[in-house]
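Undergrad: So the protein lines, in turn, are chains A and B. Each step along the first sequence adds one to the number in this note's numbering, with nothing skipped, and position 294 is 294. Position in the second sequence (from 1) plus 395 gives the number in this note's numbering. The beta carbon of each residue, even a glycine, is placed where N, CA and C say it ideally should be.
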Amino acid sequence: MRRRTLTPRENWQSRVEKIGVTFHTLADGTPYWDESAYWEFGAREIDRLEAATNEIQRLALAAGEVILNQNRMAQMGIPPAAHDAIRTAWNAEPPALYGRLDLAYDGNTIKLLEYNADTPTALVEAAVAQWYWLQDCFPDADQFNSLHEKLIAKWKDLKDYTTSPIYFADAGSEEDRMTTAYLEDTAQQAGIKTRYIRMSQIGWNAKHSSFVDLDDRPISTIFKLYPWEWMLAEPFGANALTTLPPASPLREYGPRKDRRMWGSTLWIEPIWKMMWSNKALLAILWELNPGHELLLPAYLDGPRDLTSYVRKPLLGREGQGISVIRDGKVAEGSPAAGKIDNCVYQAIAPMAEAGGKIAVFGSWLIDGESAGMGVRESRGLITNNTSSFVPHLFR
Amino acid sequence: MRKPHEIKLTVLAAVALSMTACRGQHRDCVDKLGRLEPDSFCRATGGGTGSTYRYVYGGSSGGHVGDAVIGGSATPRGGFGAFGGEGGSGHASGGE
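Okay, structure coming up:
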């Protein structure tokens with residue numbers, strides 16, 4: 001694997017805008033979509049990344065069982081009000097669409113950095129923009145990218161389990177809107193009728209005990225690009241819990257305990273994704289699989305014997321609150337050193353470094369199977385919302 | 396794992412074209428006759444049903460005080476979305 005440089009296509013901005021990457025340039029004028037470089041892999045390296053992704057998914061499934069059987073959700077900081085709903089959803093297996101593993105790979109070892117299981121983005125870039133880039137620049141090369149057809153295939157599978165139309169909701173940022181628009185696109189290509197709504201526009205009809213759109217039509221199936229932990233902390237969070245299927249006909253949950261609401265809304269991603277999008281998963285995976293070649297040592301109770309490590313908030317997003325500690329001193333990120341509650345302490349992984357950048361490989365899963373990859377580059381170890389997206393190919 | 400042969404886009408391309416369009420909260424303050432009033436009137440009275448001034452969600456109007464607000468409903472909105480908001484270029488708000 002190697003990072004190569006390349007002259008960007010003429011009018012690259014308008015080219016990527018037309019296919020959804022309207023947010024291609026950061027506020028300071030530097031490109032977020034950066035096609036002045038690309039990563040080239042060999043087919044065997046891609047095979048390794050694909051196999052690693054499927055193996056980590058297998059480990060995560062086993063960890064989910066342990067989290068529930070050992071009642072670990074409180075330790076993970078998941079609100080008690082959601083525990084029964086998560087357990088029920090895990091067992092009932094409601095539709096789940098996608099996720100993204102962030103992997104460290106230096107050409108030698110592959111290590112899991114985190115699992116973005118609930119609201120992963122950078123999907124349009126990985127599925128669409130880098131495919132068009134490949135057609136323009138290297139039409140004879142290949143790319144680790146079957147996202148588009150796998151998304152359409154998954155929506156076709158879900159058609160019988162969902163109610164038409166499927167609503168697509170987000171918080172309103174430009175990147176989020178393009179992500180939901182792309183997912184809507186794939187759903188429509190699978191023959192599903194869709195509607196868009198912002199999270200803030202969702203209404204609650206108390207008379208009929210249901211979520212409604214702006215025309216007061218009930219929302220029965222909704223894909224939400226909005227974290228469950230945010231939803232549960234908001235005024236409609238309790239309503240969302242009570243619209244989920246009940247734990248059993250005799251066991252009620254949610255403050256309203258109104259049976260009319262039970263199962264009235266199907267939420268994609270399902271609420272059990274709270275177990276995987278929580279970074280405590282990293283410590284639990286290590287605890288269950290100590291020494292596993294794809295995992296890094298990670299702990300919840302402090303750094304233990306690690307003198308250099310990365311400290312991550314359990315529910316942090318976009319690199320927020322992450323610190324890199326080297327030999328006991330903060331080298332990057334949030335300044336506080338030492339032990340802090342609600343964090344995971346993870347060993348530092350060997351990373352791919354080239355051109356003054358450090359690369360993280362976002363390995364996508366659709367329907368639980370490896371489906372493609374996107375590369376993010378940063379000046380430091382922490383990937384945040386200014387880390388650029390760089391296309392890739394393999395030969 | 397191999398690249399797709401073709402990627403067709405319809406919704407995404409259309410949304411990308413319209414991305415510059417402003418997408419507001421779709422909440423209007425109206426009087427008892429359904430005429431648009433300054434938002435401050437609703438803030439002063441709570442904006443709930445039964446108030447002299449109330450909010451209508453999802454309606455449309457000419458945008459001037461006194462214009463009739465067509466459509467929309469009084470169903471409460473905003474129970475989600477407090478953590479979101481407009482991100483900058485390349486910045487996710489709910490995603491990561």
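(1) Take every Cβ of the segment 149-157 of chain A, pair it with every Cβ of the segment 185-192 of chain A, and state whether three or more of those distances are shorter than 8 Å.
(2) Just the Cα atoms here: how many angstroms apart are A/T303 and A/V310?
(3) Check whether the Cβ atoms of A/A85 and A/I271 sit closer than 7 Å, and answer yes or no.
(4) Under the rule that 16 or more other beta-carbon atoms within 10 Å means buried, what is A/R395, buried or exposed?
(5) Are B/F478 and A/I202 close, meaning C-beta to C-beta below 7 Å?
(6) Hey, quick one: how far does the beta strand (DSSP E) through A/Q346 stretch, first residue to last?
(7) If you draw a straight line from the C-alpha of A/P218 to the C-alpha of A/P235, how long is it?
(8) Looking only at C-alpha atoms, which of A/D215, A/L49 and A/M274 sits nearest to B/I465?
(9) Take A/L250 and list the residues in its own chain whose beta-carbon comes closer than 6 Å to its own, dropping the five residues that flank it on each side.
(10) Between the beta-carbon of B/R430 and the beta-carbon of B/Y450, is there less than 7 Å?
(11) A/I67 to A/M73, Cα distance in whole Å?
(12) How long is the line joining the alpha carbons of A/S370 and A/R2, rounded to whole angstroms?
(13) With a threshold of 7 Å between beta carbons, is B/S455 in contact with chain A?
(14) Does the Cβ-Cβ distance between A/L285 and A/L295 come in under 7 Å?
(15) Assuming A/W12 contacts A/E35 under a Cβ cut-off of 8 Å, what Cβ separation, rounded to an integer in Å, is found between them?
(16) Nearest chain A C-beta to B/S468 closer than 7 Å, yes or no?
(17) Can you look up A/K193 in the DSSP assignment and give me helix, strand or coil?
(18) Hey, could you find the ends of the beta strand (DSSP E) A/S323 is sitting in?
(19) I'd like to know if B/A416 contacts chain A, where contact means its C-beta is closer than 7 Å to some C-beta of that chain.
(20) For B/D434, collect the residues of the same chain with a Cβ closer than 6 Å to its Cβ; drop the 5 residues on either side in sequence, then sort them by chain order.
(21) Report, in whole angstroms, the separation of the C-beta atoms of B/K398 and A/D142, which I expect to be a contact under 8 Å.
(22) Check whether the segment 119-136 of chain A and the segment 451-462 of chain B touch, using three or more Cβ-Cβ pairs below 8 Å as the test.
(23) If you pair each beta-carbon of the segment 217-232 of chain A with each one of the segment 163-180 of chain A, do three or more pairs fall below 8 Å?
(24) Going by the DSSP bridge assignment, what does A/M373 pair with across the sheet?
(25) Does the distance from the C-beta atom of A/G99 to that of A/N342 stay below 7 Å?
(26) Drop a sphere of 10 angstroms on the beta-carbon of A/P290, count the other beta-carbons inside from all chains shown, and report buried for 16 or more, exposed for fewer.
(27) Using 7 Å as the threshold, is the C-beta distance between A/T324 and A/G316 below it?
(28) Could you check if A/R58 is buried or exposed, using at least 16 other CB atoms within 10 Å of its CB as the buried criterion?
(29) Suppose contacts are defined by Cβ-Cβ distances below 7 Å. Is A/Y161 in contact with A/P245 by that definition?
(30) Does the beta carbon of A/I366 sit closer than 7 Å to a beta carbon anywhere in chain B?
(31) Run the CB neighbour count on A/Q70, radius 10 Å, all protein chains shown included, and call it buried at 16 or more, exposed below.
(32) What's the gap between the Cα of B/R418 and the Cα of A/L151?
(33) Measure the CB-CB distance between A/A298 and A/V330 and report whether it falls below 7 Å.
(34) For A/F211, which residues does DSSP report across the bridge?
TA: Quick look at the numbers:
(1) yes
(2) Reading the sequence as shown, one finds Pro at residue 303 of chain A and not Thr. Near 9 Å, if we compare the C-alpha coordinates of A/V310 and A/P303.
(3) yes
(4) exposed
(5) no
(6) C343 to A347
(7) Cα-Cα distance, rounded: 18 Å.
(8) A/D215
(9) Residue placement at A/L250 is poorly supported in this model, since its pLDDT is 46, which falls under 50; the coordinates still yield a value, given next. Hits under 6 Å: none found.
(10) Using a Cβ distance threshold of 7 Å, B/R430 and B/Y450 do not count as a contacting pair.
(11) 6 Å
(12) 22 Å
(13) no
(14) yes
(15) 6 Å
(16) Yes, contact with chain A.
(17) coil
(18) Residues S323 to R326.
(19) Confidence at B/A416 is low in this model, with a pLDDT of 46, below 50, so its placement is unreliable and the value that follows should be read with caution. Judged by the 7 Å Cβ criterion, B/A416 is not in contact with chain A.
(20) Closer than 6 Å at the Cβ level, and outside the excluded window around B/D434, lie C424.
(21) Right, their Cβ atoms sit about 6 Å apart.
(22) In short, these stretches do not touch, since the Cβ pair count stays below three.
(23) yes
(24) A/S363
(25) no
(26) exposed
(27) The amino acid at residue 324 of chain A is misidentified as Thr; the sequence shows Val. In this structure, A/G316 does not lie closer than 7 Å to A/V324 by Cβ.
(28) It is exposed - the Cβ of A/R58 has fewer than 16 other Cβ atoms within 10 Å.
(29) Contact flag unset, no.
(30) no
(31) exposed
(32) For B/R418, the pLDDT reaches just 41, beneath the cut-off of 50, and the residue's location in the model is therefore unreliable, leaving the point undetermined.
(33) no
(34) A/W204
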